[in-house]
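Residue numbers (my numbering), protein chains in the order written: chain A, -1 to 242; chain B, 10 to 313.
Take a look at the structure:
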C-alpha cells in the first residue's frame, strides 16, 4: 500500500517546465532519496507534493486522498510535513514558538499548550540543544541548530511522512552526520516515512534505502541506493554523458 | 509645568490615533503584503453606521443613542464586519496578485465605500453628539485636560497590551505572527490561511472603528472624509516604523503625533500653517538615514 503516489506529475513556471511527467510511489515506512544535479526539478517536486506549487498536470495521492492542487494546510493535516530548502525558521519567534506553530491544527484554542507539551518534551529529548535554548530567538541559531529546529518543528505536527529538502545544505559534514543520525533514529521509533532530497548521492549510499536520480525534470534511474551509487550508468545519468 | 503637561497629553493622544491607525495597516500588511488604503474609509463607515441615511445637517440617530457599553461594541463590530466583508469580496481574489495590484484594489474599495456613504448621507459633515460625557475637562496637576484625551490614551495603552498578549499567548496570535513572517511556511505547518487573514482584517477593522469613535467624540461631527488624514499619517507611520513591524508602527505613530504637536507649539507663528510640511520633511530625513524603517520587519525575504 503506497502512502504517496505521483502519476505523470508535470510542473511549470510560466513557460519553463521544471518537472516532466514524473511518476513514483512511496510505501509507508520507506526511505526515499531524490538526488540529481542543480535544476533537476527535485525541489519543485517536493513543493508540489506539499501543495506549495500546484502541478500543471498529473495527479498526487497522499494517504488515500487525491491532494492534487489542494492547499498546503490541508495536505499538512493529512500528515505530510515538508521541510523546505534553506530551513525557513521563523526568525523573530523563539525556538519553542517555532515548534508550537505546527501543533495548532490538532488542538483547539483552549489548553493547546498543555496538549502540545508532551510532543514538545519528545522533540526536546531528541534535540536537547533546542531545550537549552528554547526561549532564544530562532534567527540567532547556527545553521545546524536551525536544521534540528525545522526537523523538530515538522515532528511536532505528528506527521506520517516528512519530506526534507537538502538537510545537509550549508552544514559541516559532522553536523550533517548528527542530523542524519537523528533522522534515522526517528524513522525507526515512529515508523516515519522519509523523502529526502539531496544533490549528491553519497549520503544516500551511506544511509541506504531507495534512491531516485532526476535530471532535466525527469526520473533517470530508480533503485537501491547502495547498488546504484557504484554503477557507471549512474555517473552517466547524473552528468548526462552518453547523450552527446 | 501645566503647559508642558498639556503638550504631553496632546502629543500622546494624537500619537495614540496615529498608532492605532498604523497598527491596523501593519496587521494586514504583515499577513498579505497589502497596503490597505481603504482603511480610512472604514473609519468613517463605522461612525456612519450609527446614523440613519439622510442628507440633513443634523444627523438622524439610529444606534447612536445606545448606552456606551452597547454603542462601543456596536461600532467595533461594524468596523470589523466591513473589513472582513472587504476581505471576502475583494481582497481574497487578489491574494496571488502583485502588491501594486492589491494596493490599487484597496484604493478602488475606498472609493466605493466613500461614494456609498456620499450617496446615503451627502458630503455635508453632520453634527453628532457621541459620548458627550467625555468632553468634560479633568484637572491633572493643575492642567485642565479633556477627559477624552485621557480616555484615548488609556484605551490605546489597553489595546496595545491586549493585542500584545493576544499575539504572544494565544494559538491564533502565534499563528498570525508566524504567518506574518513566512506565510507559505506557516501554511505548510497547517496554519489556515483564510482564518489568519480574516482575523487580521477583523482586528484591523475594529481598530479603525476605535479611531472613528475617538474622532467622532472629539470633533462632534461625522464626515465622510474623517478618516483620510489619520489614514495618511498612519500609513506614513507604518513606513517609518518598517512596513510590517507592529512595534515599529506603534512607535512611529507616537513619534509622528509628538512631532506634530511639538512643532505646533515651537514653530514661529508664521510657519505654523506649514506644520505638516515640516513633519513630512522630518519623515523624509528619517527615511534617508533608515530607508528600511526604524525597526525593519522580518519576513521581507523570498518566500518558500
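C-beta atoms are modelled at their ideal positions from N, C-alpha and C, and glycine is treated no differently.
query, result
"Contact belief for residue 165 (chain B) with residue 34 (chain B) at Cβ below 8 Å, rounded distance in angstroms", "That belief does not hold up - the Cβ atoms of residue 165 (chain B) and residue 34 (chain B) are roughly 16 Å apart, past 8 Å."
"Top-ranked residue by Cα proximity to residue 316 (chain B), from B:240, B:253, B:128, B:215", "The structure shown does not extend to residue 316 (chain B), since chain B is modelled only from 10 to 313, so the question has no answer here."
"Within-9 Å CB hit, residue 42 (chain B) to chain A", "no"
"Members of the segment 70 to 95 of chain A that neighbour chain B once the beta carbon cut-off is set at 7 Å", "70, 71, 74, 75, 80, 82, 86, 88, 89, 90, 91, 95"
"Sequence-distant residues of the same chain with beta carbon closer than 7 Å to residue 97 (chain A), five excluded per side", "118, 121, 150, 151, 154"
"Which listed residue (A:47, A:144, A:43, A:225) has its alpha carbon closest to that of residue 86 (chain A)", "A:144"
"Any chain A beta carbon closer than 9 Å to residue 250 (chain B)", "no"
"Proximity winner among A:221, A:217, A:230, relative to residue 244 (chain A) (alpha-carbon distances)", "The question about residue 244 (chain A) has no answer here: the residues shown for chain A are numbered -1 through 242."
"Residues that DSSP places opposite residue 63 (chain A) in a beta bridge", "A:60"
"Endpoints, the beta strand (DSSP E) within which residue 161 (chain A) is located", "159 to 163"
"For residue 122 (chain B), the nearest candidate out of B:56, B:269, B:274, B:138 (CA to CA)", "B:56"
"Coil, strand or helix - residue 270 (chain B) by DSSP", "helix"
"Residues near residue 108 (chain B) in its chain [Cβ-Cβ closer than 6 Å; skip 5 each side]", "42"
"Sub-9 Å separation of residue 102 (chain A) and residue 178 (chain B) beta-carbons", "no"
"Rounded separation between residue 206 (chain A) and residue 84 (chain A) - CA only", "24 Å"
"Contact set between the segment 197 to 209 of chain B and chain A, restricted to residues whose Cβ is under 8 Å from the partner", "197, 198, 199, 200, 201, 202"
"Contact the segment 235 to 253 of chain B vs the segment 72 to 86 of chain B: 3+ CB pairs below 8 Å", "no"
"Option nearest residue 31 (chain B) by Cα separation, candidates B:298, B:120, B:250, B:300", "B:250"
"Chain B contacts from the segment 47 to 58 of chain A (Cβ-Cβ distance under 7 Å)", "48, 50"
"Beta-carbon gap between residue 41 (chain A) and residue 195 (chain A) smaller than 9 Å", "yes"
"Closer than 7 Å at the beta carbon, the chain A residues around residue 191 (chain B)", "86, 88"
"Residue 20 (chain B), buried or exposed, once every other Cβ within 10 Å from all chains shown has been counted against 16", "buried"
"Residue 314 (chain B), buried or exposed, once every other Cβ within 10 Å from all chains shown has been counted against 16", "Because chain B here runs from 10 to 313, residue 314 (chain B) falls outside it and cannot be looked at."
"Test: residue 96 (chain B) CB closer than 9 Å to a CB of chain A", "no"
"Per DSSP, the bridge partner or partners of residue 155 (chain B)", "B:146"
"Residue 301 (chain B) classed as buried or exposed, judged by whether at least 16 other C-beta atoms fall within 10 angstroms", "exposed"
"Residue span of the alpha helix (DSSP H) that contains residue 50 (chain B), given as start and end", "48 to 57"
"Expected contact under 8 Å - CB spacing of residue 209 (chain A) and residue 31 (chain A) to nearest Å", "4 Å"
"Chain-ordered chain B contacts of residue 10 (chain A) [CB-CB under 7 Å]", "Neighbours of residue 10 (chain A) on chain B: none; closest Cβ ~16 Å, over 7 Å."
"Residues in the segment 131 to 150 of chain B having any Cβ partner in chain A nearer than 7 Å", "none"
"Three-state class that DSSP yields for residue 112 (chain B) in the structure shown", "helix"
"Interfacial residues, the segment 184 to 208 of chain A to chain B, with Cβ spacing under 7 Å", "none"
"Distance between residue 59 (chain A) and residue 189 (chain A) (C-alpha atoms, nearest Å)", "20 Å"
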